[in-house]
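What follows is a short report on a single structure.
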Amino acid sequence: MYLKKTNGPRAVTLPDGSVLTRADLPEPATRRWVASRKAAVVRGILYGLITRDQAKEIYHLSEDELSEWVRATAMHGIEGLKATAVQRFRRQDKGEMYPD
57 MYLKKTNGPR
67 AVTLPDGSVL
77 TRADLPEPAT
87 RRWVASRKAA
97 VVRGILYGLI
107 TRDQAKEIYH
117 LSEDELSEWV
127 RATAMHGIEG
137 LKATAVQRFR
147 RQDKGEMYPD
């Protein structure tokens, strides 16, 4: 078996005991960003599998977009990364009430 040379670790152990590997990250050509793919990138950054700069380069993300993913995950978990929840969470973060 041939292992491709990479800069940095190939796998990291998460606090819950699970292992996150580079193979668990989304493909570099990803165009449809669902919450689970965003969360995998954020976990990869937070636990040292890849750096922020590597993530921006690999996935063609802006600093603002990546920062928003990290912030949303920290405040609301994976639910905060869902496109359908963005407006609801933004209103809550600002302290506004939203109609039911």
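Residue numbers (this note's numbering): 57 to 156.
Just so you know, even glycine gets a beta-carbon here, dropped at the ideal spot from N, CA and C.
In angstroms, rounded to a whole number, what distance separates the CA positions of methionine 153 and tryptophan 89? Low local confidence applies: a pLDDT of 48 at methionine 153 is under 50, so the model's placement there is unreliable, with the coordinate-based value given in what follows. Roughly 28 Å between the two C-alpha positions.
For leucine 70, count neighbouring Cβ atoms within 10 angstroms of its own Cβ and tell me buried if that reaches 16, exposed if not. exposed
Okay, do the segment 116-130 and the segment 82-99 touch, 3+ Cβ pairs below 8 Å being the bar? yes
Where DSSP assigns a beta bridge to leucine 76, which residues make up the other side? Val68
When the distance is taken between beta carbons, is leucine 105 closer than 9 Å to glycine 64? yes
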